[in-house]
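S.K.:
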Amino acid sequence: MRNSSNQGARATRSASIRSMVLLAMFTAIIILMAFTPIGYIDLPIIKATLIHVPVIVGAVLMGPKKGAFLGFVFGLTSLIKNTIMPSALSFAFSPLIPVPGLDKGSLWALVICFIPRILVGVTPWLIYKLGSVLARKAGTVGRGVVLVLSGIAGAMTNTILVMGLIYLLFKDAYAAVQNVPVDAVLGVVLGVVGTNGVMESIVAAVITAALCLPLIRVLKLERSAPQSISVESADPVTFS
């Protein structure tokens, strides 16, 4: 019994260390992508971001708590980048950048910067867990479809919430920056969702499925080993 208890304790420590290593790896990837060109894909019409992809993949593999942490890191890099390297829309992501028409920034920028990105680390996991239950008998194909949907959900969570909050909180300032009438802002926002959002969803769906399918397979093969990290035993949906 004592030997079994010791093995269980070692397995728990090993799983904890491996989980921390994975979390650190995904965190480093997010930071690298945020401050280098590899975080973006230049397309003929738009520039698609890839920074949310490691958040989505991490959420699927490690659960919503660690996914939310990765989303927070994503938001933090956005805050830092928009503060030290501001662009025309940086007022919506950093309270230190003055809002057009005002002489100061807005704390609402923190809401846009963090809330959507944190939820990017939660929504894909929820879709994956629900979809895995529904597609349990569909095998690898079913799991691949669920992962595609998880990638789409994560990308659209980011795009829809960011653009929606910009519309709700900074409609006038956004109109000024885009040089369009205030009444036309909704159309512009929907256009961004329909272009950037769709393209980023496609990219996220492909990469999420391509990365997660083999990783989940490896983790399941190791599942019988005491020290393994099982996707099925990821953090439960608790937000305490």
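Residue numbers for the sequence shown follow the working numbering, so the first one is 1 and each next one is one higher. No residue lacks a Cβ here, since even glycine has one placed at the ideal position from N, Cα and C.
Does the beta-carbon distance from residue 197 to residue 122 come in below 8 Å?
M.R.: Cβ atoms of residue 197 and residue 122: not closer than 8 Å.
S.K.: Looking at C-alpha atoms only, which residue of 55, 130, 101 and 113 is the closest neighbour of residue 94?
M.R.: Among 55, 130, 101 and 113, the Cα nearest to that of residue 94 is on 113.
S.K.: With respect to the alpha helix (DSSP H) encompassing residue 158, which residues constitute its N-terminal and C-terminal limits?
M.R.: Its alpha helix (DSSP H) spans residues 139 to 178.
S.K.: DSSP three-state call for residue 56: helix, strand or coil?
M.R.: The answer is helix: DSSP assigns residue 56 an H, G or I state.
S.K.: Please state if the CB of residue 51 and the CB of residue 33 are separated by a distance shorter than 8 Å.
M.R.: Cβ distance < 8 Å, so residue 33 and residue 51 count as in contact.
S.K.: Could you tell me if residue 45 is buried or exposed, where buried requires 16 or more neighbouring beta carbons within 10 angstroms of its beta carbon?
M.R.: Here the model assigns residue 45 a pLDDT of 46, short of 50, so the residue's position is not dependable, and the following value carries that caveat. It is exposed - the Cβ of residue 45 has fewer than 16 other Cβ atoms within 10 Å.
S.K.: Within 10 Å of its beta-carbon, does residue 173 have 16 or more other beta-carbons around it, so buried, or fewer, so exposed?
M.R.: Residue 173 is buried by the Cβ-count criterion.
S.K.: Considering just the uninterrupted stretch of the alpha helix (DSSP H) at residue 133, what are its terminal residues?
M.R.: Element bounds for residue 133: 123 to 134.
S.K.: What separation, rounded to the nearest whole angstrom, lies between the Cα atoms of residue 211 and residue 61?
M.R.: Looking at the two C-alpha atoms, the distance is approximately 10 Å.
S.K.: Count the other C-beta atoms from every protein chain shown that fall within 10 angstroms of the C-beta of residue 77, then say buried if there are 16 or more, exposed otherwise.
M.R.: When all chains shown are included, residue 77 counts as buried.
S.K.: Quick check: the stretch 15 to 35 against the stretch 173 to 182, are at least 3 beta-carbon pairs closer than 8 Å?
M.R.: With the cut-off at 8 Å, the stretch 173 to 182 and the stretch 15 to 35 do not touch.
S.K.: Quick one: grab the DSSP three-state call for residue 51.
M.R.: It is coil, neither helix nor strand.
S.K.: Out of curiosity, what's the CA-to-CA distance linking residue 184 and residue 167?
M.R.: Near 11 Å, if we compare the C-alpha coordinates of residue 167 and residue 184.
S.K.: Select from 58, 27 and 49 the residue whose C-alpha is nearest the C-alpha of residue 215.
M.R.: The option with the nearest alpha carbon to residue 215 is 58.
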